[in-house]
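Encoded as structure tokens, the structure appears first; notes follow it.
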Amino acid sequence: MSVGESHKLMSVASCGVVASGTATLEAAFLGLPYCLVYKVSGFTYYLAKGLISVDFLGMANLLAGRELVREFIQYDASPEKIASEILRLIESKEERELLSKELEAITEPLADPGAYERAAIATLGVNEDGVESGS
1430 MSVGESHKLM SVASCGVVAS GTATLEAAFL GLPYCLVYKV SGFTYYLAKG
1480 LISVDFLGMA NLLAGRELVR EFIQYDASPE KIASEILRLI ESKEERELLS
1530 KELEAITEPL ADPGAYERAA IATLGVNEDG VESGS
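Residue numbers (the working numbering): 1430 to 1564.
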């Protein structure tokens, strides 16, 4: 594999470790069970944590409104925890299949007309009128 072939690799993998970003949505579209890892400098982390309040970083989790994909953020992103989650997915075909189906279910509506707007609304936590959900 070389740079730029992530789609090919994800389409044949059993599970994966994915950095936060658009790759998480790509993995979700492919139905690839994965865990999300996000780690930045301590300064950047504390600055962002003070400015942004979200329940999840991963697009799949944001769209689902709950944690489908395990997220390992900053100090929680230890090799031991990540390895443990990947081993859990590798060892349980049932877990992989369930997560794959859930990922496909949340990405299926994104292929319909108006998908960009619905994704933006889900991500920003606002309704169609731009008013915060739950307000």
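All residues carry an ideal CB built from backbone N, CA and C; glycine is no exception.
For F1472, the enclosing alpha helix (DSSP H) starts and ends at G1471 to L1480. Judged by beta-carbon spacing, V1498 lies beyond the 7 Å limit of L1459, meaning their Cβ atoms are not closer than that value. For I1502, the beta-bridge partners assigned by DSSP are Y1467. Classified as exposed, I1481 has fewer than 16 neighbouring CB atoms from the shown chains inside 10 Å of its CB.
Annotation: E1520 to A1506 spans about 21 Å, alpha carbon to alpha carbon. Beta-bridge partners of G1445 (DSSP): Y1463. The alpha-carbon of L1492 is positioned some 21 Å away from that of L1518.
Annotated three-state conformation of R1495 is coil, per DSSP.
According to the DSSP assignment, F1458 belongs to the alpha helix (DSSP H) that extends over T1451 to F1458. Pairing Y1467 with I1502 gives a Cβ-Cβ distance under 7 Å. In its chain, beyond the 5 residues on either side, A1457, A1489, L1492, A1493 and L1497 have a beta carbon closer than 8 Å to the beta carbon of I1535. One Cα belongs to L1454, the other to E1537, and the distance between them is close to 12 Å. Relative to P1508, the option among K1437, A1442, V1446 and V1441 whose CA is nearest is V1446. Annotated three-state conformation of P1542 is coil, per DSSP.
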